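Residue numbers (the working numbering): 18 to 168.
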């Protein structure tokens, strides 16, 4: 009986390191993974009340990237997607994409989000970044929305 218990204990304890390794993978990406993509397109718009204005200047607080600029991404210790000037928490992962989103806070109903498209687990193909900033001008809400497509 002691021998059987000892064998079971050894077997179960040998599974713990494997479980820890698997738990540290976020949608196929291990913490510390880096990859670089180039900004292909970006849009910036301001919504003030019911008026939408395209191609506005990107406001302070939202990362500013130019078309053609190379951006290095890193997967953080908790699976978050980090890059210059931002960190967006990991939400879910599938075989073809990983989703990242900041929690909704305050009056901003649309948080910063990102999608990473994958060709295979652990192989990113492209990134979409969405950043939002909300403020009030007088009594009118103003939302700036910036989208980047990187390949």
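Virtual Cβ for every residue (Gly too), placed ideally from N, Cα, C. Note that this is a predicted model, so its numbers are computed, not measured.
- The DSSP-derived three-state label of residue 45 is coil.
- Contact between the stretch 47 to 63 and the stretch 104 to 119 is not established, with fewer than three Cβ pairs separated by less than 8 Å.
- Residue 168 is not bridged by DSSP to any residue.
- Within 10 angstroms of the beta-carbon of residue 135 lie 16 or more other beta-carbons, which makes it buried.
- Listed as beta-bridge partners of residue 103 by DSSP are 100.
- When the five nearest sequence neighbours on each side are left out, the beta carbons in the same chain lying within less than 7 Å of the beta carbon of residue 168 are those of 54, 55, 57 and 143, in order along the chain.
- Counting only the Cα atoms, residue 50 lies some 32 Å from residue 74.
- The C-alpha of residue 42 is placed about 43 Å away from the C-alpha of residue 157.
- Of the candidates 138, 84 and 123, 138 places its Cα closest to the Cα of residue 45.
- Approximately 6 Å separates the beta-carbon atoms of residue 48 and residue 92; this is inside 8 Å, confirming the contact.
- The alpha-carbon separation between residue 86 and residue 145 amounts to approximately 14 Å.
- Residue 110 is bridged by DSSP to 115.
- Ranked by how close their Cα comes to the Cα of residue 101, the residues 151, 90, 153 and 149 have 90 in first place.
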